[in-house]
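Residue numbering for the sequence shown follows this note's numbering, starting at 2 and increasing by one per position.
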Amino acid sequence: MGELRAKWKVNMYAWLLLLPSLIFLLLFTFYPVWQTVILSFHQADLGSPEPFFNGVDNYKQMLEDDVFWKVLTNNLWFALGTVPTSVALALGMALFANKALRGKSFVRTAYFYPTVVPMIAVANIWLFIYTPEYGALSHVMEWLGKGDINWLGDQANVMWAMIFMVIWKEAGYFMIFYLAGLQNISQELYESAAMEGASAWTVFRRVTFPLLMPTTMFVSIIAFTNSFKLVDHLVIMTKGGPDNASNLLLYYIYETAFSFWDQGMASALTIVMVVLLLAVAAVQFFGLDKKIHYN
Numbered sequence: 002m003g004e005l006r007a008k009w010k011v012n013m014y015a016w017l018l019l020l021p022s023l024i025f026l027l028l029f030t031f032y033p034v035w036q037t038v039i040l041s042f043h044q045a046d047l048g049s050p051e052p053f054f055n056g057v058d059n060y061k062q063m064l065e066d067d068v069f070w071k072v073l074t075n076n077l078w079f080a081l082g083t084v085p086t087s088v089a090l091a092l093g094m095a096l097f098a099n100k101a102l103r104g105k106s107f108v109r110t111a112y113f114y115p116t117v118v119p120m121i122a123v124a125n126i127w128l129f130i131y132t133p134e135y136g137a138l139s140h141v142m143e144w145l146g147k148g149d150i151n152w153l154g155d156q157a158n159v160m161w162a163m164i165f166m167v168i169w170k171e172a173g174y175f176m177i178f179y180l181a182g183l184q185n186i187s188q189e190l191y192e193s194a195a196m197e198g199a200s201a202w203t204v205f206r207r208v209t210f211p212l213l214m215p216t217t218m219f220v221s222i223i224a225f226t227n228s229f230k231l232v233d234h235l236v237i238m239t240k241g242g243p244d245n246a247s248n249l250l251l252y253y254i255y256e257t258a259f260s261f262w263d264q265g266m267a268s269a270l271t272i273v274m275v276v277l278l279l280a281v282a283a284v285q286f287f288g289l290d291k292k293i294h295y296n
């Protein structure tokens, strides 16, 4: 009886410690998600004084909307362009910054610096770089004899311009996780590999990268989620143009909710985005989990 009472006290103490976080999670995560699900089945726009239930009409209209499919395709290409490159670049930067070399602290700071700059500031910096005629990149292209290119005004180039900017912004952030992972790998493994005469590539392929798989899984999920969350730069640089060529799903949700004031459709779009992110995260987690070495 005394043992049961002691166990009950320990469990109660643990739940009391978790209670503040659970309250905030309920109020600011689960409750808003539930309200969004309910609103997605209602018509709530400027033509409706009061929201009324319309079933799955919002989802039907979404599937018939060409702009939705274009925005979703843009976002998938944006994720495909930013996630693998950012992760690979972050790993390379971490491997270089982890070496015992002079100026190591400066190198790490230089790599990480773009991360601490607010996205709005980054967008303004790159807006100046991409500006035709006056931008820094235009001067470089003219010096190379390639002529002036309207990076943000050309449908063929605008997405590449956005991808390059986001890679520059995020690679340093992911590098920090890889640095932490590298420093947790036992040096005895590298010493054993050196005694066996293993090449640098073999050591990386057989020792370093397998032991970094937990970090890679975490970084990949965060990178993919960020590819659907980053929209601040669109407000400053393109507003989704030209002709929705740079529009992304979250910005489209923002326009639908606060420019067109269609709360029902915006809620349906939000649910689709959340389900998509959960599905991709689950595939990444359960797919990579089989290749992960935790010890």
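C-beta atoms are modelled at their ideal positions from N, C-alpha and C, and glycine is treated no differently. It should be emphasised that the depicted structure is a prediction, and the values quoted were computed from it without experimental measurement.
field: Closest Cα partner of PHE53 within the set ALA45, TYR114 and GLY146
entry: The option with the nearest alpha carbon to PHE53 is ALA45.
- prompt: At a Cβ threshold of 8 Å, is PHE29 touching chain B?
  reply: Going by chain labels, chain B is absent from the structure shown, which holds only one protein chain.
- prompt: Alpha carbon to alpha carbon, how far is LYS240 from PHE219?
  reply: 31 Å
task: Identify, in the order they occur along the chain, each residue of the same chain with its Cβ nearer than 7 Å to the Cβ of LEU128, setting aside the five sequence neighbours on each side.
output: ILE237 and MET238, listed in sequence order.
- request: With DSSP as the reference, label GLN44 as helix, strand or coil.
  value: strand
task: Provide the residue span of the alpha helix (DSSP H) that contains PRO52, from first to last.
output: Looking at the DSSP string, PRO52 is not in any alpha helix (DSSP H), and its letter there is neither H nor E.
- request: Compare the beta carbon distance of PRO243 and VAL108 with 8 Å and say whether it is the shorter of the two.
  value: Contact: no.
task: Taking ASP263 as part of the alpha helix (DSSP H), name the residues at either end of that continuous run.
output: It is not in any alpha helix (DSSP H) - ASP263 carries neither H nor E in the DSSP assignment.
message: Only counting the same chain, and skipping five residues up and downstream in sequence, which positions put a Cβ closer than 7 Å to that of ASP263?
response: ASP46 and THR257
message: For the alpha helix (DSSP H) containing ILE254, name the first residue and the last one.
response: Residue range 250-255 is occupied by the alpha helix (DSSP H) that includes ILE254.
message: My assumption, with CB atoms under 8 Å, is that SER87 sits in contact with ILE168. Please give the rounded CB distance.
response: 5 Å
query: Closest to GLN62 by CA distance: which of MET266, LEU40 and LEU26 is it?
result: MET266
task: Give me the Cα-Cα distance between THR203 and TYR191, rounded to the nearest whole angstrom.
output: Taking the straight line joining both Cα atoms gives about 11 Å.
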